[in-house]
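Taking it in order: structure first as structure tokens, then the write-up.
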Amino acid sequence: MKLYLVAISLILITLIGLAGYYSTSLKQWLSDTTMPMRKGVHVSRNVMVPMSDGINLATDVYRPTGSGGRFPVIMMRTTYGGVPFNDIKQFVDHDYAVVVQHVRGRYNSQGRFNSPYRDSAQDGYNTIDWIVSQSWATDKVGTFGCSYLGESQIILAARNHPNHVAMIASGAGGAIGKAKDAYGYFGVFENGVLNLASSLGWFTAEGAKDFNTTPRSDDYEERMRTYMNYLPVSEIAEKVAPYETGFDDIISHPLTDSWWDEEGYTHPNDQFSVATLHINDWFDQTAHNAFRLAQHMAENARTPTAKSQHVLIAPGTHCEAEKLRSGKITVGEMPFYYDARDFGQIYLNWFDHWLKQKPSELPPKYEYYTVHAGSWNTSDQWPPKSATEVVFRMQPGNRLERQSDLSSEQDTGQTYDEFSYDPMDPVPTLGGPICCTYRPEDRAGVLDQRPLKSRQDVLVYTSKPLEEDLTITGNPSVVLHVSTSAPDTDFTVKMVDQYPDGRAYGLQDGVVRLRYRNGVDQPSLVTPGQIYQIKLEMRPLAYVFKAGHRIEFHVSSSNFPRLVRNLNTGKDEYSDSEIFVAKNRVHLSGDSPSYVTLPVTRSGDPL
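Using the numbering used here, read the sequence shown as starting at 62 and increasing by one per residue.
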């Protein structure tokens, strides 16, 4: 007995003595050892799973304690430090095993992180092979996660592993690739225009190809502030981060290049076998591509299971859907009341249906929260059948007039509004669908646009006060007739809710680069002075403009640093440093009208 006590004492003394030097690993060991008793979860950490090319990936396996047998598996593959334990425990508590794997070149996984998704599909496929060969796993695997963890699921789904049955992909629109002519790789391109702040931020902070380098040095934020507006764009990343990243790759390949297919992004010819719940937020930069992906995957379904493509949209910013709580919330600067869904139960119901064959009703095809209505709504198509197109014309005097209110005798003269766009003095970004910039000043969501309305390069078109609430559900679209003194330039658009007290909340925005006016795959410079019609489909939204509010649309040529600046020269977008100050016009005549179309689902009397 004395020897036993002496041995225990020596062990404790040794552990205490080592704690100072090995504090992190010791705490991890103690936590893992006691986890079955504390949390009811058994964990096997850093299991090295072999890939087909001989690389081994560090994988953590979490299983329920106190019961044997096999469990359906939820797999998450991540490039980040870890997965929140609550996400793991919610599944383990309901008799799922959870597999969390670091992608190659990250943390304890072998290999090199050459790009976000080049190896993702094959590595995910190999990992599912390994999972279903384990004694604790059934033959059914689901996948789960947001952002990178969501996009990697979509990319894996195109490989059609027979045991990959269902997935919940959140904030995953950046996997869209060339499907639906989106060219929206990694969520950092829209209509051919680079989301500069988001792409530069992510690739310099998270995208080091050699993980032994040290991303985000002490002066990282200051470097981002200093060099964000540096020209040429092709040299910014190396000044912010003195190590190799994937930023140079994404700007050096044309968006139509086959290189993007090799990177793993979704291709128009891809087919799918996986039932998917697509979750996103109205003010996420990839919200529009969630709808496109769901449609593309249903159209290209190779099994009845894959016909089940469902979309659930909350009113937050990137990956906020499950974090929002009921009550008065603020997204950006706009407050409103929110009735939260129980996302944890939604997740369990989805996987129980597909991985355990439990009888349960599938969610609606489309379920979405309507901001300022305080309600969730459902539809079997997008936009809903009840949506009708209501046209508002941009008019001289900064007016936005409902088509039905316009006089039948329209001025056919060449009326236009004009402004100068100087790339060295761009309109600064105020909110919007921005993400992952690692600069505190880059705030996402709905922000007050009043500081920008007095700029000479921002055209503001404002409606009369609404007599009744007006609800939009769908994708607003904008048609502009424009001309420029430059061989190429941008036209940016914002949809704004002006409150009676003057607050002007920017709801959605977008951009058309004139060289891509006929599509990203048909670039063509313009003839200075010639009038061109351009069309922009904005990000979707379900929103109530309240009575007494005004609808505004702001038109300009920049939104920086959210969008990379057009230098107006017509030269290469990323290697050029030369600038040209453009005179840009928005034409308003009867022959060259500029107007917006809103998908209205409920409205009161005409304006």
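Glycine residues also receive a C-beta, built at the ideal position from the N, C-alpha and C atoms.
Range covered by the beta strand (DSSP E) that runs through residue 596: 593-598
Which listed residue (548, 554, 524 and 601) has its alpha carbon closest to that of residue 537: Closest by alpha carbon: 601.
With DSSP as the reference, label residue 668 as helix, strand or coil. Because residue 668 carries a pLDDT of 32, less than 50, the predicted location of this residue cannot be relied on, and the following value inherits that uncertainty. Coil.
With DSSP as the reference, label residue 454 as helix, strand or coil. Reduced to three states, the DSSP call for residue 454 is strand.
Assigned secondary structure, residue 302 (DSSP; H/G/I helix, E/B strand, else coil): coil
I'd like to confirm the pairing. Which residues does DSSP put opposite residue 506 in its beta bridges? 493
For a test of the three-state rule: what should DSSP assign to residue 285, helix, strand or coil? helix
Run of the beta strand (DSSP E) containing residue 443, from where it starts to where it stops: Careful: residue 443 lies outside any beta strand (DSSP E) and carries neither H nor E.
Closest residue to residue 594 among 603, 444 and 580 (Cα-Cα distance): 580
What is the DSSP secondary structure of residue 512, reduced to helix, strand or coil? Residue state, collapsed to three classes: helix.
Below 9 Å between beta carbons: does that hold for residue 448 and residue 605? No, Cβ-Cβ distance for residue 448 and residue 605 is not below 9 Å.
Once you ignore the five residues that flank residue 186 on each side, which residues in its own chain have a CB closer than 6 Å to its CB? 220 and 222
Starting from residue 267, trace the alpha helix (DSSP H) in both directions and tell me its first and last residue. Run containing residue 267: 257-267, per the alpha helix (DSSP H) assignment.
Can you find the residues in the same chain that come closer than 6 Å, C-beta to C-beta, to residue 364, ignoring five residues on each side of it along the sequence? If you ignore the 5 residues before and after residue 364, its C-beta comes within less than 6 Å of the C-beta of 334, all in its own chain and listed in chain order.
By how many angstroms is the C-alpha of residue 586 removed from the C-alpha of residue 576? 5 Å
Rounded to whole angstroms, what is the Cα-Cα separation between residue 322 and residue 238? 8 Å
Measuring straight from C-alpha to C-alpha, what distance separates residue 193 and residue 257? Whole-angstrom Cα-Cα distance: 41 Å.
With C-beta atoms as the reference, is residue 137 less than 9 Å away from residue 171? no
Reduced DSSP category for residue 658 - H, G, I as helix; E, B as strand; rest coil: strand
Three-state secondary structure (DSSP) of residue 567: strand
Residues bridged to residue 642 (per DSSP): DSSP lists no partner for residue 642.
Start and end of the alpha helix (DSSP H) containing residue 408? 404-416
Rounded C-alpha distance that separates residue 512 from residue 522: 16 Å
Could you tell me whether the Cβ atoms of residue 354 and residue 215 are closer together than 9 Å? yes
Determine which residues share a DSSP beta bridge with residue 532 and list them. 605 and 663
Cβ-Cβ distance between residue 487 and residue 548 below 9 Å: no
Classification of residue 559 by the beta-carbon crowding that lies within 10 angstroms, buried from 16 upward: buried
Residue 407 to residue 400, Cα distance in whole Å? 15 Å
Taking all protein chains shown into account, decide if residue 484 is buried (16 or more other Cβ within 10 angstroms of its Cβ) or exposed. Residue 484 should be labelled buried.
Can residue 638 and residue 293 be called in contact, C-beta distance under 9 Å? For residue 638 and residue 293, yes; Cβs fall inside 9 Å.
If you follow the alpha helix (DSSP H) that residue 357 is part of, which residue opens it and which one closes it? 348-360
DSSP three-state assignment for residue 153, whether helix, strand or coil: helix
Residue from 289, 550, 617 and 346 whose Cα sits closest to the Cα of residue 478: 617
Taking buried to mean at least 16 other C-beta atoms within 10 Å of its own C-beta, is residue 423 buried or exposed? By the neighbour-count rule (16 or more Cβ atoms within 10 Å), residue 423 is not buried but exposed.
Sort 130, 198, 457 and 662 by Cα distance to residue 446 and report the nearest one. For residue 446, the closest C-alpha among the options 130, 198, 457 and 662 is that of 662.
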